[in-house]
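Residue numbers (our numbering): 6 to 693.
Shown next as structure tokens:
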């Protein structure tokens, strides 16, 4: 049986190939599919060709993304398509299914590739040859990049290139993607293959299997072993080497390995918080200056408010998270490139499986304590879709940095001057988020996303020096994706939120009787003093009162009053409701919203202790305190558990594959937050 395909006619194959005529087979821009095992250096090779020209998109109808780039060759440009790392074309995983469909021309909007660039790890030849067999069987023109050639040369046995080329029947070019050695020769081989169409022909040993004619899998593995032996590579006692094995005895130890993992990730997160602070402050200050500069050219009014507060403020609110995202992805890419992350997943798998999550979910869960956005984006390391979805759904329950301003405000209300209790409250808030995430993950795996957690089958690659260039390019690629996707959506929603808190306009003299009386008293005080500082302070008080009244008159303010019966069992009045509802775009917004509602300046709002003192003095219409112990604890629990971050929702939509999961995430977290806040308020009120 022949397992190839010529250019002029269709031939029999072990797989069902689509019929493609010559006209459709040759697109205007040739397509090169980059195929290889995980850890074979495929991404590093892609970056050698693409540089900063890469773009990322999802395959049609899937949540699996791919990178592509327009690359120049001697004969002209070609599109280089980086397929997901895979071990075969047997559709065992969603990634393998997509890769198979791409190579067979079954993906909507994509033509069948003109050439397959197959990346093989020269240090692990036999393992990689199984994928080579499956790829060559497709009959597409193929060029093999024998990667990590520099490392293979240091092994006791050497690869016979002539023998390997003869067995594969396609050009084999030794390269080192990390150093760039052999890249020019690889370019020339690709040029030649594109210019002279020559389909790959499956070796005879694959076409006829004497030992098990009904099992092509056995034939491919037998062939891989035979080719490896003929090339002079003895794999019977293949090891990573004494250095790798010595390190693994520590990093994969059931106990020591866990502590080592926590130590590594602690260093990463310390660096994130330490390094990201400066660029985050610069971005925040930059948008502040931009808003002030643009505002200086605009007169007072809605246009200025829209541009400065809605557009510039909305974009700035998203981009301020960018340094954390960049730094996190950079370090995770470096750790992945060294080979350590595979060990970390192996060590954590036993613990995570008890709640129905794979070991790979632990890294996103840790990174969520910095920001849920990069954490959700990093769930791509989880292979099983159900496990990935469960992880995405529970990640926002973990305390992120955006919750800290709210915690500071509320804990200062509860435990002013008591550092021990305040520290315990912070610990309790973090612990509540972790427990809630683990419990919900367990429940989701038992209900809406049932199924056993996929066993962890992972290859532990040899340790190697990471590529700074690869880490940088992948990080910048993720940054572009974040700004383009999440930034666009949050901009639109921020403008809508601005409109809700601005309109309808309160008519002249539309303040409440109480507010008018208070303004009249302040104006009377202004006439009785000549102190410019005092006059400025009095004018600020009037502005805050008017801002509060305008907010109450707006759609957002009216919504706060409409929802007052809903939130009253939690101890919230309409003013707190305005803060809660407005912070569904970004949870930290409640601090500035309450500053407006209760008429304090930005300087006071930024000082946690002073702001807490102002809030502690607030009373309801009946004279009772607004922020009682029960209300403050209830609000704290609500903010620990509620989904209040539009960028996170936007990223969930993208990574989970639709708004359905984003809305479900919003819904279940809101119900959970409401329920536990209700229990908290009612319990404390009962015992008080």
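Glycine included, C-beta positions come from ideal geometry on N, C-alpha and C.
Beyond the five residues adjoining it in sequence on each side, residue 128 comes within less than 8 Å, by CB distance, of 153, 156, 157, 160 and 467 in the same chain, given in chain order. Residue 302 is classed as exposed because its beta carbon has fewer than 16 other beta carbons within 10 Å across all chains shown. Between residue 424 and residue 617, the C-beta spacing is not below 8 Å. Note on geometry: alpha-carbon atoms of residue 181 and residue 299 lie some 51 Å from one another. Residue 380 and residue 400 have their C-alpha atoms some 7 Å from each other. In the structure shown, residue 148 adopts extended strand secondary structure according to DSSP, grouped into three states. Excluding sequence positions up to five before and after residue 635, its CB lies within less than 6 Å of the CB of 576, 686, 689 and 690, all in the same chain and listed in chain order.
Taking 4 residues as the shortest admissible run, the segment 614 to 686 contains the following complete alpha helix (DSSP H) segments, listed from N- to C-terminal end: 634 to 646 and 651 to 661. In the three-state reduction of the DSSP assignment, residue 77 falls in the strand class. In this structure, the straight-line span from the alpha carbon of residue 588 to that of residue 501 is close to 13 Å.
Between the alpha carbons of residue 646 and residue 592 lies a gap of roughly 11 Å. According to the DSSP secondary-structure assignment, residue 179 is paired through a beta bridge with 151. The Cβ atoms of residue 225 and residue 168 do not sit closer than 8 Å to each other. Annotated as proximal: residue 183 and residue 472, with beta-carbon spacing under 8 Å.
Counting only runs of 4 or more residues that sit fully inside the segment 264 to 347, the alpha helix (DSSP H) segments are 307 to 310, 318 to 324 and 327 to 343, in chain order.
Non-local beta-carbon contacts of residue 435 in its own chain, meaning distances under 7 Å to residues more than five positions away in sequence, involve 404 in chain order. Burial state of residue 664 is exposed, judged by a 10 Å Cβ sphere holding fewer than 16 other Cβ atoms.
If you draw a straight line from the Cα of residue 506 to the Cα of residue 562, it comes to about 7 Å.
The C-beta distance from residue 637 to residue 419 rounds to 5 Å, short enough to meet the 8 Å contact threshold. For residue 36, the beta-bridge partners assigned by DSSP are 84. Setting aside the 5 residues that flank it on each side, residue 53 is surrounded in the same chain by 182, 185 and 188, each with a C-beta closer than 7 Å to its C-beta; the list follows chain order. When the five nearest sequence neighbours on each side are left out, the beta carbons in the same chain lying within less than 6 Å of the beta carbon of residue 76 are those of 54, 83 and 85, in order along the chain.
Between the alpha carbons of residue 296 and residue 281 lies a gap of roughly 22 Å. Beyond the five residues adjoining it in sequence on each side, residue 568 comes within less than 6 Å, by CB distance, of 582 in the same chain, given in chain order. About 5 Å separates the CB atoms of residue 123 and residue 40; that is less than 8 Å, so the two are in contact.
The DSSP-derived three-state label of residue 123 is strand.
A Cβ-Cβ distance of about 5 Å is found for the pair residue 288 and residue 325, placing them in contact under the 8 Å criterion. Annotation: residue 570 to residue 564 spans about 11 Å, alpha carbon to alpha carbon. Rounded to the nearest angstrom, the gap between the Cα atoms of residue 629 and residue 291 is 42 Å. The alpha-carbon of residue 374 is positioned some 27 Å away from that of residue 71.
Looking at the DSSP output, residue 520 sits in no beta bridge, so it has no partner there. Assignment of residue 106 by DSSP, reduced to helix, strand and coil, places it in the helix class.
Burial check for residue 294: the Cβ neighbour count within 10 Å stays below 16, so the residue is exposed. Exclusion of the five residues before and after residue 657 leaves 381, 397, 666, 667 and 670 as the residues of its chain whose Cβ lies within less than 7 Å of its Cβ. When DSSP reads this structure, residue 41 sits in a beta bridge with 124. If the five residues before and after residue 683 are omitted, its C-beta is found closer than 7 Å to the C-beta atoms of 574 and 575, all from its own chain and listed in chain order.
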